[in-house]
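Inspection log for the structure reproduced underneath, given as structure tokens.
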Amino acid sequence: MSENVAYAFNGNLPKIRVVDEHSVQGKIADAEVFIRQAFQEDAKKGYELLFRRYHRALCSHAVRFVYSKEVAEDIVGDVFLTFWKNQVQTKITTSFRSYLYASVRNRAYNYLQWEFKNDSDIDEIPENVLNQVLEETPQTMLQYDELFLKIEHSITSLPPQCQRVFLMSRFENKKNKEIAEELEIALKTVEAHIMKALSQMRKSLDGYLVSLFIFLIFSNTDFSL
Amino acid sequence: MDKSVNKNILFELFSGRATPLQKKLIEQWLLEPENRELYYEWLDEWENQFIQILPNTEDALQKSLQKIAQNEAYLTPIFVEPTPNFFQQNFRWLAAAAVVLLVSFGVFITRDYIFYKNYQTAFGEIQKIQLPDGSQVSLNANSALKVARFGFGTKTREVFLTGEASFSVKHTIDNQRFIVKTDKNFEVEVLGTEFNVYARQKEAKVVLNKGKVKLNYTVGKKAKQLTMKPGDLVTFNRIGQAKVQQIEQPQNYSAWQEHRFVFEQTPLKEVATMIQENFGVKIEFRDEALSQRTISGAFHAENADELLQVISELLEINFNRQDNNVTFFE
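Chains A and B, in that order, are what the protein sequence lines are.
Going by the working numbering, the first sequence opens with residue 194, and the numbers climb by one from there.
Going by the working numbering, the second sequence opens with residue 1463, and the numbers climb by one from there.
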């Protein structure tokens, strides 16, 4: 490893940045250099640049986990707000990109856990549940990849009508009644389709969420010791 | 630098086409922090190529900035600096406020002393207490009793107990209740009677000699109630559930008042706990079997040494004492 890991800064930005343009690290560091400069000049400007640069792709990533446009956008919005509240740009040691993607995945995972563990009718998710921070390791990174692929698979294996109803509900934000009218089916049928989709999702994820969760607990305990 | 993993392989991974071996390779590759950076760079590139939804970024940004502005508007007053001569202007008021604050703080930290009379016994010490209403309390060793200085006997009769004590409660003309509160999950409510309360770390129990008492206790969040008859022994386990037993000689449970110790097929292990609680002497057994042996009879002992002597003679075993650590062996 060479010494030019320019993105690894702590607190104040280094005044002199050694960038070797032939090395990969140099390139990574450079991709966000404008955003970092903007943050230094005016934090709000930096925030706006950062938001515009990553918002869309992060929403797209989040939706692979939660399969709801609304929830995905909420998650990304919260991640950005947390970034601002904690003034992350002053303490971060990785690229903004890594921080944002890891936070979105973490939060999406906490959301899934909450959605499928609690079939109760609590509407509010407790903030502390969403804010649990899980340590990142190569294993957890790959497990997140497997998780969203698994969810995709469970959705594509639904019967066509069921899938259609589910996506209309979660992506077009349509009320069950609207879906029933549009597809000319009974309201009960719409509800049954959505229930079925959710239970299928839960079934294919159940063991998985538990195992990932246990794994993360263990790595957390190690961490806290 | 490790070039085993490239963008194509990662794209395959994100699309669910990577083989288990490739996954293993990626896992290895991710151990390097700069590769993790690359991973997220390529993930971002991949997401941008295969976008799933089209959120309205501008709207979202405006909303986000609004929220930030609201938050900051809400927070700013905290950072408003006081006018420079704030202290001079309000000196009199501040001084008065400081005096009030100081006095209430003083009352607050000494409130226990001001409002309550505390009785506390050392290891091996038994104290007889006469309460203002004429009731008698024997406070066993290593225990504490708190009695309100004001109002005791006029409105309610309430005492707080940690440890063990025997009560002989005077019945008042107006049938006033007498309540023993504990830091466990229960309290004892009586009219006039004799009973023994034991509320130590390990367990808690109440033995009734005469009369009638009511136990108010909680299991989890549920409040429960129980009425005891003479000769009843109620034991509370760790989660606060109560068990009622009828015993033949309830007075044995308060024999400690006369420095008598009454055992009935009591395992040595329990005797050891009792000695530790009352005399502060820690007891160990060289082998486990010894702690299971039982002991019966009534013994008089003023201190731990006398009791240890009796036990060792009775069971024909030896003990070693070093300060407050005792080991029994055969």
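Every residue gets a Cβ at the ideal spot worked out from N, C-alpha and C, and that includes glycine.
Tell whether a beta-carbon distance below 8 Å holds between residue i and residue j.
i                : j                : result
L1492 of chain B : M388 of chain A  : no
N1671 of chain B : E1656 of chain B : yes
K342 of chain A  : Q393 of chain A  : The sequence as given places Leu at residue 342 of chain A; Lys does not occur at that position. Not closer than 8 Å, so no.
G1673 of chain B : G1702 of chain B : no
V1733 of chain B : I1773 of chain B : yes
T1583 of chain B : S1597 of chain B : no
S250 of chain A  : E1509 of chain B : The sequence shown places Ala at residue 250 of chain A, not Ser. Contact flag set, yes.
D271 of chain A  : R300 of chain A  : yes
N1765 of chain B : F1698 of chain B : no
N1787 of chain B : G1586 of chain B : no
F1790 of chain B : G1759 of chain B : no
A1627 of chain B : Y1578 of chain B : no
Show which residues of chain A have a CB atom less than 7 Å away from the CB atom of residue i.
i                : result
Q1514 of chain B : S253, V256 and R257
V1468 of chain B : For the record, residue 1468 of chain B in the displayed sequence is Asn; it is not Val. The premise fails here: N1468 of chain B is roughly 11 Å from chain A at the closest Cβ pair, so nothing lies under 7 Å.
E1489 of chain B : P331, Q332 and L335
L1475 of chain B : D338
L1492 of chain B : P331 and M334
Give the residues of chain B in contact with residue i, contact being defined as C-beta atoms less than 9 Å apart.
i               : result
S291 of chain A : R1498, E1499, Y1501, Y1502 and E1503
T287 of chain A : P1495, R1498, E1499 and Y1502
R249 of chain A : E1509, N1510, I1513, I1515, L1516, P1517 and T1519
P352 of chain A : The premise fails here: P352 of chain A is roughly 21 Å from chain B at the closest Cβ pair, so nothing lies under 9 Å.
R245 of chain A : T1519, E1520 and L1523
Under three-state DSSP, which class holds residue i?
i                : result
H1721 of chain B : coil
G219 of chain A  : Because the pLDDT at G219 of chain A is just 48, under 50, the model does not fix this residue reliably, and the point stays unresolved.
M350 of chain A  : For the sequence presented, residue 350 of chain A should be read as Ser rather than Met. Three-state result, S350 of chain A: coil.
R1700 of chain B : coil
T283 of chain A  : helix
R1783 of chain B : strand
F1541 of chain B : Interpretation of F1541 of chain B is limited by its pLDDT of 45, a score under 50 that renders its predicted location unreliable; the figure taken from the coordinates is listed afterwards. DSSP places F1541 of chain B in helix when its eight states are reduced to three.
S1630 of chain B : strand
Q1727 of chain B : strand
V272 of chain A  : helix
R1662 of chain B : coil
R1479 of chain B : coil
N1497 of chain B : helix
K1667 of chain B : strand
D1595 of chain B : coil
I1745 of chain B : strand
T1756 of chain B : strand
I1641 of chain B : strand
F364 of chain A  : helix
A224 of chain A  : helix
N1765 of chain B : coil
E345 of chain A  : helix
S313 of chain A  : Summary for S313 of chain A: the model assigns pLDDT 48, below 50, so the residue's position carries little reliability, and this model does not support an answer.
Q1707 of chain B : strand
L1516 of chain B : coil
F1473 of chain B : helix
E214 of chain A  : Because E214 of chain A sits at a pLDDT of 41, beneath the cut-off of 50, its placement in the model cannot be relied upon, and the point is left open.
F359 of chain A  : helix
F1549 of chain B : helix
R290 of chain A  : helix
S195 of chain A  : Low confidence applies to S195 of chain A: its pLDDT is 39, below 50, so where it sits in the model is not reliable, and the reading given next is rough at best. If DSSP states are grouped into helix, strand and coil, S195 of chain A belongs with coil.
A295 of chain A  : helix
Tell me where the alpha helix (DSSP H) around residue i begins and ends.
i                : result
L1563 of chain B : F1553 to F1577
L1487 of chain B : P1482 to W1491
E377 of chain A  : Taken as a continuous stretch (DSSP letters only), E377 of chain A belongs to no alpha helix (DSSP H), as it is neither H nor E.
A250 of chain A  : A236 to V259
Cβ closer than 7 Å: which chain B residues qualify as neighbours of residue i?
i               : result
F227 of chain A : Ordered by position in chain B, no residue passes the 7 Å Cβ test against F227 of chain A, which lies about 16 Å from the chain.
E266 of chain A : P1517 and A1522
F232 of chain A : Under the 7 Å cutoff, chain B gives no residues; its nearest Cβ is about 15 Å from F232 of chain A.
Quick check on the DSSP output: the beta strand (DSSP E) that includes residue i runs from which residue to which?
i                : result
Q1589 of chain B : Q1589 to Q1592
F1648 of chain B : F1648 to V1652
Y1715 of chain B : Segment: none, Y1715 of chain B is in no beta strand (DSSP E) and carries neither H nor E.
N1468 of chain B : Premise fails: N1468 of chain B is in no beta strand (DSSP E) and is neither H nor E.
K1676 of chain B : V1675 to V1681
T1689 of chain B : K1684 to M1690
K1608 of chain B : A1606 to A1610
Under 7 Å: does the beta carbon of residue i sit that close to some heavy atom of the ligand PLP?
i               : result
E375 of chain A : You won't find the ligand PLP in this model; it holds no ligand whatsoever.
Segment contact flag, the segment 1485-1504 of chain B with the segment 1519-1526 of chain B, C-beta cutoff 8 Å, min 3 pairs: The answer is no - the segment 1519-1526 of chain B does not touch the segment 1485-1504 of chain B, with fewer than three Cβ pairs under 8 Å.
Given 8 Å, three or more beta-carbon pairs between the segment 1470-1486 of chain B and the segment 1496-1505 of chain B: The segment 1496-1505 of chain B and the segment 1470-1486 of chain B touch, with three or more beta-carbon pairs separated by less than 8 Å.
Inter-stretch contact at 8 Å, needing at least 3 Cβ pairs: the segment 1683-1702 of chain B / the segment 1721-1731 of chain B: By the Cβ criterion, the segment 1683-1702 of chain B is not in contact with the segment 1721-1731 of chain B, since fewer than three pairs of Cβ atoms, one from each stretch, lie closer than 8 Å.
Given 8 Å, three or more beta-carbon pairs between the segment 1617-1631 of chain B and the segment 1658-1669 of chain B: Enough Cβ pairs lie closer than 8 Å, so yes.
Meets three-Cβ-pair contact criterion under 8 Å: the segment 1555-1571 of chain B and the segment 1741-1754 of chain B: The segment 1555-1571 of chain B is not in contact with the segment 1741-1754 of chain B.
The segment 1704-1718 of chain B / the segment 1550-1562 of chain B touching (three or more Cβ pairs under 8 Å): They do not touch, by the three-pair rule.
Touching by the beta-carbon criterion (3+ pairs, under 8 Å), the segment 251-258 of chain A and the segment 290-307 of chain A: Short answer: they touch.
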